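J.: Residue numbers (my numbering): 45 to 386.
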Amino acid sequence: MASRDASEFSDTLAGLSLADPRRRTLLRAAAASAATFAAGTLFSPQRAHAQTQSNGKILRIGFQKYGNFVVLKARGTLEKRLAAQGASVQWLEFPAGPQLLEGLNAGAVDVGTVGETPPIFAQAAGVDFVYIGNEPPAPKGEAIVVPHDSPIRSVADLRGKKVALNRGSNVHFLLVKALQHAGLSYADITPVFLTPADARAAFVQNSIDAWVIWDPYLAAIERQANARVIVNGEGLVRNTQYYLAARKFADAQPQLLRELLAELDQVDRWSRDHIPAVASQLSPLVGLDAPTLELALNRASYSVQPIDAATLDYQQQVADIFTELKLIPKKLVVADAKWRAV
45 MASRDASEFS
55 DTLAGLSLAD
65 PRRRTLLRAA
75 AASAATFAAG
85 TLFSPQRAHA
95 QTQSNGKILR
105 IGFQKYGNFV
115 VLKARGTLEK
125 RLAAQGASVQ
135 WLEFPAGPQL
145 LEGLNAGAVD
155 VGTVGETPPI
165 FAQAAGVDFV
175 YIGNEPPAPK
185 GEAIVVPHDS
195 PIRSVADLRG
205 KKVALNRGSN
215 VHFLLVKALQ
225 HAGLSYADIT
235 PVFLTPADAR
245 AAFVQNSIDA
255 WVIWDPYLAA
265 IERQANARVI
275 VNGEGLVRNT
285 QYYLAARKFA
295 DAQPQLLREL
305 LAELDQVDRW
315 SRDHIPAVAS
325 QLSPLVGLDA
335 PTLELALNRA
345 SYSVQPIDAA
355 TLDYQQQVAD
365 IFTELKLIPK
375 KLVVADAKWR
385 AV
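1) Are the CB atoms of GLN359 and PRO163 nearer to each other than 8 Å?
2) Using only CA atoms, which one of LEU136, LEU148, PRO181 lies nearest to LYS292?
3) Report the rounded CA-to-CA distance for ALA200 versus VAL256, giving the unit in angstroms.
4) Report the option in GLY331, PRO335, PRO298 whose CA atom is closest to the CA atom of ALA131.
5) Quick one: any contact between the segment 235 to 254 and the segment 206 to 222, if contact means 3 or more CB pairs under 8 Å?
6) Indicate the three-state DSSP secondary structure (helix, strand or coil) for TRP314 in the structure shown.
7) For GLU338, count neighbouring C-beta atoms within 10 Å of its own C-beta (all shown protein chains included) and say buried if the count is 16 or more, exposed if not.
8) Taking just the CA atoms, how far does GLY170 sit from VAL115?
9) Grab the span of the beta strand (DSSP E) containing ASN276 for me, first residue to last.
10) Are there three or more Cβ pairs, one per stretch, closer than 8 Å when the segment 136 to 152 is compared with the segment 181 to 201?
11) Can you grab the Cα-Cα spacing for the pair GLN95 / ALA296, in whole Å?
12) Who are the Cβ neighbours of ASP172 in its own chain at under 6 Å, not counting the five residues just before and after it?
13) When the Cβ atoms of the segment 129 to 146 are set against those of the segment 269 to 277, are three or more pairs found closer than 8 Å?
14) In chain order, what residues of the same chain lie with their CB nearer than 8 Å to the CB of LEU356, ignoring the 5 residues before and after it?
15) Residues bridged to ASN250 by DSSP?
16) How far does the beta strand (DSSP E) with GLU137 in it extend, from its first residue to its last?
17) Please identify the residue among ARG211, ILE105, LEU122 whose C-alpha is closest to the C-alpha of GLN310.
18) Output the distance between the C-alpha atoms of LEU391 and GLN249, rounded to the nearest integer angstrom.
19) Can you name the residues that DSSP bridges to PRO235?
20) How would you write the range of the alpha helix (DSSP H) that GLU266 sits in, first residue to last?
21) From GLU179 to GLN349, what does the alpha carbon distance come to, in whole angstroms?
22) Between THR157 and GLY212, which are expected to be in contact by the criterion C-beta below 8 Å, what is the C-beta distance as a whole number of angstroms?
23) Between the Cα of ALA222 and the Cα atoms of GLU186, PRO373, TYR346, which residue gives the shortest distance?
24) Once DSSP output is grouped into helix, strand and coil, what is the label at GLY147?
25) Grab the span of the alpha helix (DSSP H) containing TYR358 for me, first residue to last.
26) Quick check on the burial criterion: 16 or more other C-beta atoms within 10 angstroms. Buried or exposed for ARG313?
27) Which two residues bound the contiguous beta strand (DSSP E) that contains GLU123?
This is the structure in structure tokens:
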């Protein structure tokens with residue numbers, strides 16, 4: 045999915061309610077289009093869905109433009125690993141975590157990786173998924189930035205200001221926690237919900253006062269537009285990446301997911317020790333120069349971990365805060381989404 049198409053897709057999706065059946069139609073069509081492009085073959089969403097249901101050996105992975113899934117895809121090692129079990133892989137790109145989880149809800153994706161906030165909004169919306177693993181925290185990988193010549197020097201200065209973010213993304217929680225820490229409430233700022241591409245345009249045009257964003261967009265705006273960080277996630281949030289799977293798929297294919305996590309962990313460990321090589325490999329794929337990617341990669345975390353009680357407790361804290369703010373409609377029990385087949 046091209047960047048402009050992804051943005052248009054996101055904007056169209058945002059205009060439809062969760063209950064609107066057109067959401068699922070749109071997501072299935074988008075996922076099928078992405079898979080068609082990746083595979084170089086033509087097939088309909090119905091045909092792809094029927095094929096998945098008939099043999100159960102296609103692992104459809106939702107990924108974003110940056111991260112270890114992109115490295116895994118480029119290296120091709122997962123395909124080789126799963127071929128021994130008669131399984132194949134389809135890669136489907138999404139512009140951000142919330143849209144990826146909409147794809148999972150629509151039945152277009154089996155597994156994906158997102159930050160700490162998208163699963164909360166997804167669970168509140170009734171998406172049936174399970175947490176299957178996570179990366180260690182990487183709090184430096186997200187931040188609130190302002191133009192370099194902005195009079196805003198701290199989070200406290202955001203009172204009454206327009207702050208852009210991707211609604212329901214991992215930085216949504218960072219914004220809430222940063223405001224609380226500064227003695228402000230969520231009502232003290234004007235949130236402007238924009239996709240990363242649209243938020244960057246608004247930022248450089250001075251249409252917004254601040255932007256809450258994650259790497260590599262964070263590294264890019266720092267290096268390319270001299271953006272100034274007023275606070276990152278340190279001491280506020282974990283910024284944990286989670287691996288999620290559709291519950292039905294996880295119940296039906298636990299071994300495929302174990303193989304995926306094992307291969308991811310190997311790629312993670314290799315990436316940690318070869319950051320310049322990873323940056324060079326990612327550069328043509330994500331459209332950013334290697335030095336920018338090295339900055340982002342040095343703030344990332346590496347190694348796949350099983351979901352433990354402390355991690356679920358942290359997610360429960362995230363959910364409870366969003367419930368208190370009435371950003372989600374009901375209290376959640378995050379542990380209901382724990383993968384039991386471990």
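Cβ atoms here follow ideal geometry from the backbone N, Cα and C, with glycine treated the same way.
Please read all numbers here as calculations on a predicted model, not as lab measurements.
T.: Per the coordinate set shown:
1) Position 315 of the sequence shown, counting from 1, holds the residue named residue 359. Position 119 of the sequence shown, counting from 1, holds the residue named residue 163. Less than 8 Å divides the Cβ of GLN359 from the Cβ of PRO163.
2) Taking the sequence shown and counting its residues from 1, the one referred to as residue 292 is at position 248. Checking every option, the nearest Cα to that of LYS292 belongs to LEU148.
3) As a first step, residue 200 is located in the sequence shown; it is residue number 156 there, counting from the start. As a first step, residue 256 is located in the sequence shown; it is residue number 212 there, counting from the start. Those two C-alpha atoms are separated by around 15 Å.
4) Locating residue 131 in the sequence shown gives position 87, counting from the first residue. Here the closest residue by C-alpha is PRO298.
5) Because the criterion of three Cβ pairs below 8 Å is met, the segment 235 to 254 and the segment 206 to 222 touch.
6) Position 270 of the sequence shown, counting from 1, holds the residue named residue 314. Note: TRP314 maps to helix in three-state DSSP.
7) For the purposes of this step, residue 338 is identified with residue 294 of the sequence shown, where counting begins at 1. By the neighbour-count rule (16 or more Cβ atoms within 10 Å), GLU338 is buried.
8) Within the sequence shown, numbered from 1, the residue matching residue 115 stands at position 71. Within the sequence shown, numbered from 1, the residue matching residue 170 stands at position 126. Computed Cα separation, rounded: 31 Å.
9) Reading the sequence shown from its first residue, position 232 is the one you call residue 276. Taken as a continuous stretch (DSSP letters only), the beta strand (DSSP E) holding ASN276 covers 272 to 276.
10) Counting Cβ pairs under 8 Å, fewer than three are found: no touch.
11) What you label residue 95 is simply residue 51 of the sequence shown in a count that begins at 1. What you label residue 296 is simply residue 252 of the sequence shown in a count that begins at 1. Here GLN95 scores only 40 on pLDDT, less than 50, and its place in the model should not be relied on; the value that follows carries that caveat. Cα-Cα distance, rounded: 15 Å.
12) Locating residue 172 in the sequence shown gives position 128, counting from the first residue. Excluding residues within five positions, the ones whose Cβ falls inside 6 Å are ARG291.
13) The segment 129 to 146 and the segment 269 to 277 do not touch, with fewer than 3 CB-CB distances between them shorter than 8 Å.
14) Against the sequence shown, residue 356 aligns to sequence position 312. Within the same chain, LEU356 has close Cβ partners TYR175, VAL378, ALA379, LYS382.
15) Residue numbering aside, residue 250 sits at position 206 when the sequence shown is read from its first letter. None, per the DSSP bridge assignment.
16) Within the sequence shown, the letter at position 93 stands for residue 137. Segment 132 to 137, the beta strand (DSSP E) holding GLU137.
17) Translated into the one-based positions of the sequence shown, residue 310 becomes position 266. The shortest C-alpha separation from GLN310 is found at LEU122.
18) With the chain covering 45 to 386 only, the question about residue 391 has no answer from this structure.
19) The sequence position of residue 235 within the sequence shown is 191, counting from 1. Looking at the DSSP assignment, PRO235 forms a beta bridge with VAL207.
20) Taking the first residue of the sequence shown as 1, we reach residue 266 at position 222. GLU266 -> alpha helix (DSSP H) spans 261 to 269.
21) Against the sequence shown, residue 179 aligns to sequence position 135. Against the sequence shown, residue 349 aligns to sequence position 305. Each residue's Cα considered, the two are about 6 Å apart.
22) Locating residue 157 in the sequence shown gives position 113, counting from the first residue. Locating residue 212 in the sequence shown gives position 168, counting from the first residue. Contact between THR157 and GLY212 is absent: CB atoms are separated by about 15 Å, not below the 8 Å threshold.
23) Counting from one through the sequence shown, the residue named residue 222 turns up at place 178. The alpha carbon of ALA222 has as its nearest neighbour, out of GLU186, PRO373, TYR346, the alpha carbon of GLU186.
24) Position 103 of the sequence shown, counted from the first residue, corresponds to residue 147. Looking at GLY147 - three-state DSSP - the assignment turns out to be helix.
25) Start at 1 with the first residue of the sequence shown, and residue 358 comes out as number 314. Where TYR358 is concerned, the enclosing alpha helix (DSSP H) stretches over 353 to 368.
26) Walking along the sequence shown from the start, residue 313 turns up at place 269. That one is exposed.
27) As a first step, residue 123 is located in the sequence shown; it is residue number 79 there, counting from the start. Careful: GLU123 lies outside any beta strand (DSSP E), inside the alpha helix (DSSP H) at 121 to 127.
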